[in-house]
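Numbered according to the numbering used here, the sequence shown spans residues 1062 to 1453.
Glycine included, C-beta positions come from ideal geometry on N, C-alpha and C.
The structure appears right after this line, and notes come after that.
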Amino acid sequence: MISTDTPNPPQLKLPPLQLGHLTVDTPVVLAPMAGITNAAFRRLCREYGGGLYVSEMVTSRALVERNEQSLRIISHDDDEGIRSVQLYGVDPTTVGAAVRLIVEEDRADHIDLNFGCPVPKVTRRGGGAALPWKTDLFTAIIQAATREAARGEIPLTIKMRKGIDDDHLTFIEAGKIARDAGVAAVALHGRTAGQHYSGKADWDAIAELRNSLPDIPVLGNGDIWSAEDAIAMVEQTGVDGIVVGRGCQGRPWLFGDLQAAFEGSDRRFRPGLAEVAASFQRHAELLVEYFEDEAKALRDIRKHVAWYFKGYAVGGDLRASLAAVPTLEVLAQLLAELDADVPYPGVGAEGPRGRAGSPKRTHLPDGWLDTRIMDEEHRAMISAAELDVSGG
Ligand SMILES: Cc1cc2nc3c(=O)[nH]c(=O)nc-3n(C[C@H](O)[C@H](O)[C@H](O)COP(=O)(O)O)c2cc1C
């Protein structure tokens, strides 16, 4: 993989991120992304740079029930330095039990709790980004999780959005509740649930959270597409580390750029088409190992085609064939058709990618916004909010 210097890039040195007793040398976190951040993709990313690489989310109930897919999701390669898992849950007892399982079976070194999911079928039942509105339930979940995590000396963090919508912001209060319950850090995606992935992430809100929680690390998330964006976020918000999601889709080398940036170096990866094709092939091979099922792995790699080849000169027919690739052998044949001399295309390969979409009204249970504490009816309903959830 080639790497070249950029003329006069912004530079900034950031110290390691301390999460309890864990030191993350490069203060960069791979955002948990359902369907993306499996062991295969995490390996590709961490080969380029340091940081904390979080698993896809698992629901605490599925984990406690020892669902096979959930156990695969929280599996790690032997050489993953810090084994990190993200949990989602709506019930303190089940979340506590899931954390206990992880601790007792030594399945992770770090646990993140997800309170950012904006999906209607989840918020409609009071889960995801709707949950911090109910401060009693939110507090109980975090206390249960930190209590169990403490037994294994596992640092626990939370990841959340700003709130339900601009009239119902929860992040400052939620951050303080989490801090008081003993979390090791708090990460904020600077959008409300109602925004989904639209508009721009609100970095001012991230700065506000940073100032409101002087005693624990705060991590900023949203719209980091390059090392320069990462530096800008740290400069504008004062965060202790950054969380990168969509920006690394199809660009695992972004973690190399991020490490360089936080070491004060101007080294940046600028891969030509041949290097991109090699990474894509390797990603597919790692997915075959991960799923132990070639057909499934090849179905999975198809969603990455547009991200890897964004901005590169690849014909429409070839793109279409790649997006329907059935086997590793056919993949190798298709990639061999690419022009290996195509250089890095510059801005065409950079900038926003992945989920975008438009704002949507957040579906909530009837009467959810009336009070900040749970009533009997909502208590009975919320357990259903853990079914079918996928993503944040
Ligand atoms: C495909 C996809 C899946 C996601 N899954 C999760 C998830 O499982 N847990 C979570 O906390 N956030 C999830 N997110 C949200 C991201 O972690 C991140 O907060 C969001 O994409 C904003 O960061 P970005 O602008 O760097 O992408 C997901 C996002 C995407 C695009």
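Same chain, Cβ closer than 7 Å to residue i, five either side skipped, listed in chain order
| i | result |
| --- | --- |
| Val-1164 | Glu-1209, Ala-1210, Arg-1212, Gly-1213, Ile-1215 |
| Cys-1053 | Because the chain spans 1062 through 1453 in this model, residue 1053 falls outside it and cannot be assessed. |
| Glu-1346 | Leu-1389 |
| His-1424 | Pro-1181, Thr-1184, Arg-1185 |
Best match in the options for proximity to residue i [C-alpha to C-alpha]
| i | options | result |
| --- | --- | --- |
| Gly-1060 | Glu-1398, Arg-1360, Thr-1155, Ile-1362 | For residue 1060 there is no data in the structure shown, the boundaries of the chain being 1062 and 1453. |
| Thr-1155 | Val-1119, Ser-1136, Pro-1179, His-1171 | Val-1119 |
| Leu-1230 | Arg-1422, Ile-1443, Glu-1296, Ala-1266 | Ala-1266 |
| Gln-1079 | Val-1146, Glu-1129, Ala-1410, Ile-1277 | Ile-1277 |
| Ala-1158 | Gly-1325, Leu-1249, Gln-1204 | Gln-1204 |
| Ala-1339 | Asp-1284, Tyr-1369, Phe-1352 | Tyr-1369 |
| Arg-1331 | Val-1375, Arg-1103, Leu-1073, Tyr-1109 | Tyr-1109 |
| Ile-1457 | Asp-1436, Ala-1356, Leu-1148, Gly-1187 | The structure shown does not extend to residue 1457, since the chain is modelled only from 1062 through 1453, so no value can be given for it. |
| Gly-1251 | Ala-1190, Arg-1363, Arg-1329 | Ala-1190 |
| Glu-1126 | Arg-1104, Ala-1095, Arg-1161, Arg-1103 | Arg-1161 |
| Arg-1363 | Ala-1374, Ala-1381, Asp-1354, Leu-1192 | Ala-1381 |
| Thr-1298 | Arg-1307, Asp-1263, Gly-1306 | Asp-1263 |
| Ala-1321 | Glu-1336, Ile-1292, Ala-1410 | Ile-1292 |
Straight-line gap, residue i to residue j (C-alpha atoms, nearest Å)
| i | j | result |
| --- | --- | --- |
| Val-1391 | Leu-1383 | 9 Å |
| Val-1247 | Glu-1269 | 13 Å |
| Ile-1063 | Pro-1088 | With a pLDDT of 49 at Ile-1063, under the threshold of 50, the modelled position of that residue is not reliable, and the figure given next carries that caveat. The straight-line gap from Cα to Cα measures roughly 24 Å. |
| Arg-1240 | Leu-1274 | 8 Å |
| Val-1086 | Thr-1207 | Note on residue identity: the sequence assigns Asp, not Val, to residue 1086. Computed Cα separation, rounded: 24 Å. |
| Thr-1098 | Pro-1413 | 18 Å |
| Val-1279 | Arg-1360 | 37 Å |
| Ala-1438 | Pro-1153 | According to the sequence shown, residue 1438 is Glu rather than Ala. Approximately 17 Å, taken between the alpha carbons. |
| Gln-1256 | Cys-1178 | 11 Å |
| Trp-1194 | Lys-1237 | 13 Å |
| Arg-1222 | Thr-1196 | 15 Å |
| Lys-1261 | Asn-1282 | 11 Å |
| Ala-1101 | Ser-1131 | 15 Å |
| Leu-1124 | Ala-1401 | 44 Å |
| Val-1304 | Ala-1417 | 17 Å |
| Arg-1433 | Pro-1426 | 13 Å |
| Ala-1358 | Ser-1121 | 25 Å |
| Lys-1074 | Phe-1323 | 5 Å |
| Met-1435 | Ile-1202 | 13 Å |
| Leu-1174 | Ile-1285 | 21 Å |
Helix, strand or coil at residue i according to DSSP, with G and I counted as helix
| i | result |
| --- | --- |
| Gly-1415 | coil |
| Val-1180 | coil |
| Ala-1095 | coil |
| Met-1442 | helix |
| Ile-1063 | Any reading at Ile-1063 needs caution, since the residue's pLDDT is 49, under 50, leaving its predicted position unreliable; the model's value is listed next. Three-state DSSP puts Ile-1063 in coil, outside helix and strand. |
| Glu-1209 | helix |
| Leu-1249 | strand |
| Ser-1145 | strand |
| Thr-1120 | strand |
| Thr-1423 | coil |
| Lys-1237 | helix |
| Thr-1087 | coil |
| Gly-1409 | helix |
| Gly-1224 | strand |
| Thr-1231 | coil |
| Leu-1198 | helix |
| Thr-1218 | strand |
| Ile-1134 | helix |
| Ile-1163 | helix |
| Leu-1078 | strand |
Residues near residue i by beta carbon distance below 6 Å, same chain, minus five either side
| i | result |
| --- | --- |
| Gly-1081 | Pro-1216, Ala-1245 |
| Tyr-1258 | Arg-1416, Ala-1417, Gly-1418 |
| Gly-1111 | Asp-1086, Thr-1087, Gln-1320 |
Cβ shell of residue i (< 8 Å), same chain only, five flanking positions each side left out
| i | result |
| --- | --- |
| Pro-1077 | Thr-1084, Val-1085, Asp-1086, Thr-1087, Pro-1088 |
| His-1365 | Gln-1310, Gly-1311, Phe-1341, His-1344 |
| Glu-1447 | Thr-1120, Ser-1121, Arg-1122, Tyr-1149, Gly-1150, Val-1151, Asp-1152, Thr-1155, Gly-1188 |
Entirely within the region 1327-1405 and at least 4 residues each: give me those alpha helix (DSSP H) ranges in chain order.
1334-1352, 1355-1362, 1366-1369, 1377-1383, 1389-1397
Going along the chain, which unbroken runs of the beta strand (DSSP E) with 3 or more residues stay wholly within the region 1253-1324?
1279-1282, 1302-1305
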